[in-house]
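In the order they appear, the protein sequences are chains A and B. Residues 18 to 168 (this note's numbering) are what the first sequence spells out, left to right. Residues 18 to 168 (this note's numbering) are what the second sequence spells out, left to right. Every residue, glycine too, gets a C-beta built ideally from N, C-alpha and C. Predicted model, so just to flag it, every value in this text is computed and none were measured. Remarks on the structure that follows.
2 protein chains.
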Amino acid sequence: MNIGIASRASGVSSKMIRYYEATGLIPKAGRTGSGYRDYTDKDVHKLRFVRRARDLGFSVEQIGGLLRLWEDRTRASADVKRMALTHVEVLRERAQQLEEMASALIHLADHCAGDDRPDCPIIEELAAPGRGHVHHNHHHHGLDGPKRARS
Amino acid sequence: MNIGIASRASGVSSKMIRYYEATGLIPKAGRTGSGYRDYTDKDVHKLRFVRRARDLGFSVEQIGGLLRLWEDRTRASADVKRMALTHVEVLRERAQQLEEMASALIHLADHCAGDDRPDCPIIEELAAPGRGHVHHNHHHHGLDGPKRARS
DNA sequence: ATAATGTTTCCCATCATGGGAAGGTCAAGG
DNA sequence: CCTTGACCTTCCCATGATGGGAAACATTAT
């Protein structure tokens, strides 16, 4: 089966299939006499596995771990569960950071008239926090270091 | 004021200050006779503005817009508010996507014994969705195209 | 004078993904 | 048999925000 068919069957773009192969996530595909990559149903199955894990927010590196677990028939289900739950925590943390940003912005926007006058507490707060018109009881949650959250 | 001082005063790394200058987000800094960048308190003020907007999850490109709004004394506060609220929606969408991934994973993990036996519904579901031991009432929310959500 | 610290520019790496070029292959239809 | 079009190959480049590090120069402190 050519890469295009495997791509459509798995939902992984041809580009990404080649990338996964190049980075060692999946083994090198077989080749036809003329050099085309040749995929089996089993390969497609694995690609779909990768695809779904990506949809669940796992990094390619993590998926490498998941594939190893998948193929290791002797691993304990606890190993998989631990990995899943650790990832859940990371996802929830990132979601919460985004929510906090959204709340902070909503809070600012609540105090902005949103009319055609120029006075805007949102901008004022960005320019000089704590000196503007916005009452804020919320505290800043540790985004202060040079290393900052990826939005 | 040298770049290091401006960096510590604004919370923006020297690297990023140069990057913001190179990409045109902030104007080119003045230079001393020997070629060192030279910053004023006003420059630091602007850098802090950028820093806080980044903390609120705005992209550098969006911050360009915010800076223009900041410096335009005639703009309507509605313009700022609209931008803020649009961004809030994007943030909330991303947060929700992460939450959905987390829920899906939790759902799988709930059905995994997490002991030393190898049977694991999490892996099984990744390998062959809908054919495993997991009852799922949840539906898939349109992450099916080749273009996928950034985790 | 020398050592230490700061700054400059330049190149490279990240992570997952896509775009596009230049060239080879294959199948269908003339 | 030959053309056409769809497909495949590899290679390079770009994204966005950030950091690492080298080589060279400047400033400051000992």
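How would you write the range of the alpha helix (DSSP H) that residue i sits in, first residue to last?
i	result
Leu-86/A	77-88
Thr-103/B	94-127
Pro-138/B	138-144
Ala-26/A	20-27
Arg-35/A	31-39
Would you say residue i reaches chain A, if we count a Cβ-Cβ gap shorter than 8 angstroms as a contact?
i	result
Met-18/B	no
Ile-22/B	no
Thr-91/B	yes
Ala-126/B	yes
Leu-86/B	yes
Asp-133/B	yes
Ser-176/B	Nothing in the structure corresponds to residue 176/B, since chain B is present only between 18 and 168.
Leu-143/B	yes
Ser-94/B	yes
Tyr-53/B	no
Glu-78/B	no
Lys-45/B	no
Residue i: buried (16+ other C-beta within 10 angstroms of its C-beta) or exposed?
i	result
His-155/A	Its pLDDT being 41, under 50, His-155/A is placed unreliably in this model, and the coordinates cannot settle the point.
Ala-126/B	buried
Asp-161/B	In this predicted model, Asp-161/B has a pLDDT of only 32, less than 50, meaning its place in the structure is not dependable; the value taken from the coordinates is given anyway. Looking at its Cβ environment, which holds fewer than 16 other Cβ atoms inside 10 Å, Asp-161/B is exposed.
Lys-98/A	buried
Glu-78/A	exposed
Pro-138/B	buried
Arg-90/B	exposed
Ala-130/B	exposed
Glu-106/B	exposed
Arg-111/A	buried
Gly-136/B	The amino acid occupying residue 136/B in the given sequence is Asp; Gly does not appear at that position. Exposed, because fewer than 16 other Cβ atoms sit within 10 Å of the Cβ of Asp-136/B.
Gly-41/A	exposed
Any beta carbon of chain B sitting closer than 8 angstroms to that of residue i?
i	result
Arg-111/A	yes
Gly-74/A	yes
Gly-81/A	no
His-156/A	Its pLDDT being 40, under 50, His-156/A is placed unreliably in this model, and the value from its coordinates should be taken loosely. Not an interface residue.
Asp-58/A	no
Ile-123/A	yes
From the DSSP output, read off the bridge partner residues of residue i.
i	result
Gly-47/B	Asp-55/B
Would you check whether the ligand MG has a heavy atom nearer than 7 angstroms to the C-beta of residue i?
i	result
Asp-60/A	This structure simply doesn't include the ligand MG, nor any ligand for that matter.
Quiz item: With a cut-off of 8 angstroms, do at least 3 Cβ pairs link the segment 82-99 of chain A to the segment 62-72 of chain B?
Solution: no
Quiz item: Is it a yes or a no for the segment 50-60 of chain B touching the segment 70-85 of chain B, going by three-plus beta-carbon pairs under 8 angstroms?
Solution: no
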